[in-house]
Amino acid sequence: MTGQADTPAAKPGAGEKISRVGVIGAGQMGAGIAEVCARAHVDVLVFEQTRELAAAGRARILRSLDRGVSSGKITEREREQAAWRLRFTSDLGDFADRQLVVEAVVEEEKVKTEIFRELDQIVTDPKAVLASNTSSIPIMKLGMATKNSSRVVGMHFFNPVPVLPLVELVTTLMTSSDVSERAEAFARDVLGKQVVRSADRSGFVVNALLVPYLLSAIRMVESGFATVEDIDKAIVLGLAHPMGPLALSDLVGLDTIKAIADSMYEEFKEPLYSPPPLLLRMVEASRLGKKAGHGFYQYPASGRPSAK
Ligand SMILES: CC(=O)CC(=O)SCCNC(=O)CCNC(=O)[C@H](O)C(C)(C)COP(=O)(O)OP(=O)(O)OC[C@H]1O[C@@H](n2cnc3c(N)ncnc32)[C@H](O)[C@@H]1OP(=O)(O)O
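Numbering of the sequence shown is given in numbering that gives the first Met the number 0, commencing with residue 0 and proceeding in unit increments.
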């Protein structure tokens with residue numbers, strides 16, 4: 000556990016301390032990032048396209064804060080204060096005063112590059128950091144959509160963001176050392192995360208290892224080699240992982256895994272990274288995992304997952 004609610008204020012990193020953050024997208028990753036920022040006493044502004052999506056994002060964060068209270072990680076008062084610090088907007092223009100923006104929208108290169116192009120014009124402070132939570136898209140592609148790619152980095156969080164302590168920091172050939180130091184200092188000293196650095200290669204460190212493993216498990220199911228339950232049981236009991244690869248695929252989202260696999264395959268042309276047909280069919284059928292209520296397991300609105 001990270002104990003982020005009690006994290007002390009930032010030590011001075013390179014330059015001015017970051018205390019105003021913008022998060023773009025309030026899906027499972029964006030909501031988690033906004034939550035950890037709010038819990039760390041940061042002023043957070045979250046962009047969502049519509050009021051409905053913003054309301055769903057706020058509800059998602061409040062549920063997670065409740066869980067933090069019920070598991071004793073934060074107090075009622077900290078929950079209230081964190082909720083109070085979260086503001087939503089559907090106008091990206093409101094991000095003009097942000098010192099750090101973390102983009103966490105759908106894993107589509109076109110959508111992300113368009114956001115970076117817009118952000119670059121809105122956030123005019125040259126010291127502001129523009130970060131992407133992309134799981135696999137090379138950061139350089141996003142940086143090149145801006146006029147100042149020296150302030151663009153990857154800050155890759157892990158799901159569930161309030162629970163998992165890692166941030167992968169991805170710098171490009173263009174990222175300035177001042178920007179990467181500020182981003183690292185923020186993740187480490189303000190959010191209380193641990194940081195590993197990765198070169199700008201699709202998949203970075205974690206997904207370069209994780210995605211071929213998840214795809215191999217899906218191929219095992221596809222070939223009838225073993226059942227979903229037995230594969231997960233084997234990994235939980237045999238390797239002491241907190242969850243098996245198929246439950247984890249459901250948690251991450253099968254559409255996200257497909258998008259990461261596509262991006263890694265495009266970069267390396269490695270057959271192991273190519274999404275197997277079962278994954279493609281499940282995505283086409285909208286069986287996207289936990290967020291859709293159905294993936295390799297079924298997820299009733301409340302209660303524990305069951306076999307599909
Ligand atoms: C694809 C990408 O690009 C990147 C990715 O995200 S890859 C995916 C990475 N994620 C993983 O690998 C997840 C692996 N799984 C796990 O870590 C665990 O199964 C899990 C955390 C998801 C659930 O664990 P669990 O034991 O079933 O649930 P639960 O006991 O409720 O929670 C575990 C801990 O988190 C805490 N927790 C849960 N939700 C919380 C919240 N919203 N706020 C604060 N703490 C919370 C609990 O209090 C508990 O803490 P203790 O261990 O100190 O008691």
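C-beta atoms are modelled at their ideal positions from N, C-alpha and C, and glycine is treated no differently.
Computed from a prediction, not measured in an experiment: that's the story for all the values here.
query: Can the beta-carbon of Asp231 be found less than 8 angstroms from the beta-carbon of Leu208?
result: no
task: Taking only runs that begin and end inside the stretch 174 to 204, name each unbroken beta strand (DSSP E) of 3 or more residues, in chain order.
output: 193 to 197
field: Pick from Gln193, Thr145, Phe224, Ser69 that is closest to Leu163, judged by C-alpha positions
entry: Gln193
Minimum C-alpha distance to Asp93 - residue among Val43, Ser63, Pro270: Ranking the options by Cα distance to Asp93, first place goes to Val43.
- request: List the DSSP bridge partners of Lys130.
  value: It should be pointed out that residue 130 corresponds to Ala in this sequence rather than to Lys. In the DSSP output, where bridge partners are listed per residue, Ala130 has Val101, Val152.
- prompt: Does the Cβ of Thr255 lie closer than 7 angstroms to at least one heavy atom of ligand 1?
  reply: yes
- request: With a threshold of 7 angstroms, establish whether the CB of Arg66 neighbours any heavy atom of ligand 1.
  value: yes
query: Can you pull the DSSP bridge partners for Asp42?
result: Arg19
query: According to DSSP, which residues form a beta bridge with Gln297?
result: His293, Ser305
field: In DSSP terms, what Phe94 is bridged to
entry: When DSSP reads this structure, Phe94 sits in no beta bridge, so it has no partner.
- prompt: Opposite Leu85 in the DSSP bridges: which residues?
  reply: Val43
task: State yes or no: is the C-beta of Met313 nearer than 7 angstroms to some heavy atom of ligand 1?
output: Residue 313 cannot be examined here, being either before or after the span of the chain that is shown, 0 to 307.
- prompt: Just the Cα atoms here: how many angstroms apart are Thr171 and Val160?
  reply: 24 angstroms
message: Are the CB atoms of Ala33 and Val45 within a distance shorter than 8 angstroms?
response: Ala33 is positioned such that its CB atom lies closer than 8 angstroms to that of Val45.
query: So what does Glu167 bridge to, in DSSP terms?
result: His155, Val195
Selected residue, minimal CA-CA separation from Ala335, among Cys36, Ala25, Ala58, Glu107: In the structure displayed, the chain extends from 0 to 307; residue 335 sits before or after that span and is not available.
task: Counting only the same chain and skipping the five closest in sequence on each side, list residues whose C-beta sits under 8 angstroms from that of Ala186.
output: The residues Met154, Val166, Leu168, Lys192, Val194, in chain order, have a CB closer than 8 angstroms to that of Ala186 in the same chain once the five nearest residues on each side in sequence are set aside.
message: Would Val122 and Ile17 qualify as a contact pair, given that the criterion is a beta-carbon distance under 8 angstroms?
response: Taking 8 angstroms as the Cβ cut-off, Val122 and Ile17 do not qualify as a contacting pair.
message: At the level of alpha carbons, what is the spacing between Met263 and Ser201?
response: 5 angstroms
- request: May I ask whether a heavy atom of ligand 1 can be found less than 7 angstroms away from the beta carbon of Val205?
  value: yes
message: Would Leu277 and Ile256 qualify as a contact pair, given that the criterion is a beta-carbon distance under 8 angstroms?
response: One thing to note: Leu277 has its Cβ no nearer than 8 angstroms to the Cβ of Ile256.
message: Quick check on this structure: which residue in Ala260, Arg286, Ser215, Ser148 has the alpha carbon closest to the alpha carbon of Ile136?
response: Ala260
message: Applying the 10 Å Cβ sphere with the 16-neighbour rule, what's the burial state of Ser175?
response: buried
- prompt: Beta carbon of Leu278: closer than 7 angstroms to some heavy atom of ligand 1?
  reply: no
task: Find the nearest neighbour of Ala95 within the set Gly71, Asp124, Arg116, Trp83, judged by alpha-carbon distance.
output: Of the candidates Gly71, Asp124, Arg116, Trp83, the one whose C-alpha sits nearest the C-alpha of Ala95 is Asp124.
message: Taking the straight line between their C-alpha atoms, what separation do you get for Val251 and Gly288?
response: 8 angstroms
task: Along the alpha helix (DSSP H) that carries Leu118, what are the first and last residues, could you check?
output: 108 to 121
message: Looking at ligand 1, does it come within less than 7 angstroms of Phe157, judged from the CB to the closest heavy atom?
response: yes
- prompt: Rounded to a whole number of angstroms, what is the C-alpha to C-alpha distance between Leu236 and Asp229?
  reply: 10 angstroms
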